[in-house]
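**Q** Here it is: the structure, laid out below.
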Amino acid sequence: MNQPIKNLQEAPSLGSTQTAKPRSARRFVLTSIVILLVVAGIVWWTKQATPPPDGGRGRNSAPMSIVPEAVGKGDIGININALGTVTSLATVTVRTQISGYLQKIDFTEGIEVKKGDLIAEIDPRPYEATLAQARGQLARDEAALKGAQVDLARYQGLAAQNAVPRQTLDTQVALVAQNQGTVEADKASVKSAEVNLAYCRIISPLDGRVGLRQVDQGNYVTPGDTNGLVVITQLQPISVLFTVPEDNLQAIAKRLQAGAVLPATALDRTGASKIADGSLQTFDSQIDPTTGTIKLRAQFPNDDRLLYPNQFVNIRLLLDTHKDVTTMSTAGIQRGAPGTFVYLVNADSTVSVRPVKLGVTDGDRVEILSGLAQGDRIVIDGADKLRDGAKIIIRSENVPVQANPGQPAADPSKSGGGKKRRSDGGQQQ
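What the sequence shown shows, in UniProt numbering, is residues 1 to 429, in sequence order.
Structural data, given as structure tokens:
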């Protein structure tokens, strides 16, 4: 009886084991499918990310679209760029030389005045009275001098006859000298009164532009007023002070000593627009030891009055010019393992790497010392995906302006293998 019961108790365990086996099989199958999908995704992504053996840029790949430019000849300048401040050659704060009531203002703010133009007038009546008093004193003392001189002449005649004592003659001589001194002092008083009366008319001491009025008509003005009446600033000509590194001083000094005129160009803050043309005048006598720079002054005619004092400008100083040299656009310069190089456009619509040696750079043009000749075509746009021997399609062509009219520019029509793309997407032979 005990044995059947034991078998009945073991029966459920056998059923559970049989149920677990199909579940384990299903898990294994699902896990395998997931692993296969992951592996397939990795393989697909790797194939998509891996470039072709030639990088897609080899001789058998599709041609690359580029923009070439013909290498030209011309002049290129050696420029020194600096930041400068516009400075007036003369700035005058007009102040009164005498005290009095401001009777009239004879200028309009912001106008141009000439030297000697009337600026303002001070009430002249007190100074006219002082002048009249000084002239009356002078006339009185001149009459006294004349009387003393007459007495002296009479005493001298009597003294010759021993009719008067010698002491009386000497006293008269001293009196005449005293009266002469008084007359000279009176003349000085008259001159001083005349000067003060002239100061009642305040005139411009220079040619320039009148600023804003600092005092109104009717005020009592004195020589001690801090702000004065108005500020007059000379604008024509005007100068710009700027600093350059001390390393450039020797070259600048050598050019100036040789009698050369160094052109200076004033540009706006961005350095893109020209404001005025001038020339270098001189440089300071000392180098600033804290910055290692020296201060220079350039002068500008400022006919258009575009430069104003304390304005910040960029200065381009032309130190020298290299004549009739090979030049190209700086956009075509590449740097890499060969050093400095360009992509040279070949006649078979391919490009080749050409190492070049650079000289002076002037804006977007650079001097070529070796490696290229006039008429060679180099890539200036689209070079980032090129390799040596890559095939190209010419999208457009830039021909540089020749500095010398007698030298013709390269003819784009004579360059082989080039195709120009029309605006409708087609290609023109």
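Even for Gly, the Cβ is constructed at its ideal location relative to N, Cα and C.
Keep in mind it's a predicted model, so treat the numbers as computed, not measured.
1. What does DSSP give as the partner residues of residue 502 in its beta bridges?
2. Relative to the C-alpha of Ile-394, which residue among Ala-40, Trp-44 and Ala-70 is closest?
3. Over the uninterrupted alpha helix (DSSP H) stretch that includes Leu-152, give me the two end residues.
4. I need the DSSP call for Asn-179, collapsed to helix, strand or coil.
5. Put Val-221 into one of helix, strand or coil per three-state DSSP.
6. At what residues does the beta strand (DSSP E) containing Ile-252 begin and finish?
7. Could you spell out where the beta strand (DSSP E) holding Phe-312 opens and where it closes?
8. Ends of the beta strand (DSSP E) at Gly-72?
9. Is the beta carbon of Ile-315 closer than 8 Å to that of Ala-266?
10. With distances taken Cα to Cα, identify the nearest neighbour of Asn-219 among Arg-27, Ile-105, Asn-310 and Glu-128.
11. Measuring only between beta-carbons, confirm whether Gln-103 sits less than 8 Å from chain C.
12. Tell me the DSSP secondary structure of Lys-115 in three-state form.
13. Smallest Cα separation from Leu-296: which of Phe-242, Ala-40 and Ala-62?
14. Taking just the CA atoms, how far does Ala-90 sit from Pro-408?
15. Measuring straight from C-alpha to C-alpha, what distance separates Thr-270 and Phe-312?
16. Taking the alpha-carbon of Gln-180 as reference, which of Ala-139, Lys-115, Ile-122 and Thr-226 has the nearest alpha-carbon?
17. Looking at the secondary structure, which residues open and close the beta strand (DSSP E) in which Pro-165 lies?
18. Do you know offhand how far Ala-153's Cα is from Ala-159's?
19. At a cut of 8 Å, does the segment 323-337 reach the segment 363-383 through at least three beta carbon pairs?
20. Check for me: the beta strand (DSSP E) holding Asp-362 runs from which residue to which?
21. Using only the alpha-carbon positions, how far apart do Asp-207 and Asn-79 sit?
22. Is the distance from the Cβ of Leu-197 to the Cβ of Glu-128 below 8 Å?
23. Using a threshold of 8 Å, state whether the C-beta atoms of Lys-73 and Thr-326 are closer than that.
24. Report all residues from its chain with a CB closer than 7 Å to the CB of Ser-65; omit the five preceding and five following residues, and keep chain order.
25. Taking the alpha carbon of Val-261 as the reference point, which residue from Thr-290, Ile-294, Gln-299 and Ala-177 has its own alpha carbon closest?
26. Just to confirm my understanding: we take Val-244, look at its own chain, exclude 5 residues before and 5 after, and list those with CB closer than 8 Å. What are they?
27. Just to confirm my understanding: we take Lys-114, look at its own chain, exclude 5 residues before and 5 after, and list those with CB closer than 8 Å. What are they?
28. Under the rule that 16 or more other beta-carbon atoms within 10 Å means buried, what is Gln-427, buried or exposed?
29. Straight-line CA distance for Ala-276 to Leu-306?
30. With H, G and I counted as helix, E and B as strand and the rest as coil, what does DSSP make of Leu-235?
31. Label Ala-163 either buried or exposed according to how many other C-beta atoms from any shown protein chain fall within 10 Å of its C-beta, with 16 as the threshold for buried.
**A** Reading it off the structure:
1. Since the first residue shown for the chain is 1 and the last is 429, residue 502 is missing from the structure and cannot be characterised.
2. Cα-wise, what sits closest to Ile-394 is Ala-70.
3. Counted as a single uninterrupted DSSP element, the alpha helix (DSSP H) harbouring Leu-152 occupies residues 125-160.
4. helix
5. Taken through DSSP and simplified to helix, strand or coil, Val-221 comes out as strand.
6. Not the beta strand (DSSP E): Ile-252 falls in the alpha helix (DSSP H), residues 249-257.
7. 312-329
8. According to the DSSP assignment, Gly-72 belongs to the beta strand (DSSP E) that extends over 72-88.
9. yes
10. Ile-105
11. Considering every chain present, this structure includes no chain C. It has just one protein chain.
12. coil
13. Here the closest residue by C-alpha is Phe-242.
14. Below a pLDDT of 50, predicted positions are generally treated as unreliable, and Pro-408, at 41, falls in that range; the measurement from the model is reported next regardless. So the two alpha carbons sit approximately 50 Å from each other.
15. 11 Å
16. Ala-139
17. Premise fails: Pro-165 is in no beta strand (DSSP E) and is neither H nor E.
18. 10 Å
19. yes
20. 357-362
21. Roughly 34 Å separates the two Cα atoms.
22. yes
23. yes
24. Taking Ser-65 as the centre and dropping the five residues before and after it, the same chain places the C-beta of Gly-382, Ile-393 and Arg-395 closer than 7 Å to its C-beta, in chain order.
25. Ranked by how close their Cα comes to the Cα of Val-261, the residues Thr-290, Ile-294, Gln-299 and Ala-177 have Gln-299 in first place.
26. Ile-80, Ala-82, Ile-252, Thr-293, Ile-294, Leu-296 and Leu-317
27. Residues of the same chain with a CB within less than 8 Å of the CB of Lys-114, apart from the 5 flanking positions on each side, are Ser-204 and Asp-207 in chain order.
28. Reliability of the predicted coordinates at Gln-427 is poor, the pLDDT of 39 falling under 50, and no value is obtained from them.
29. 8 Å
30. coil
31. exposed
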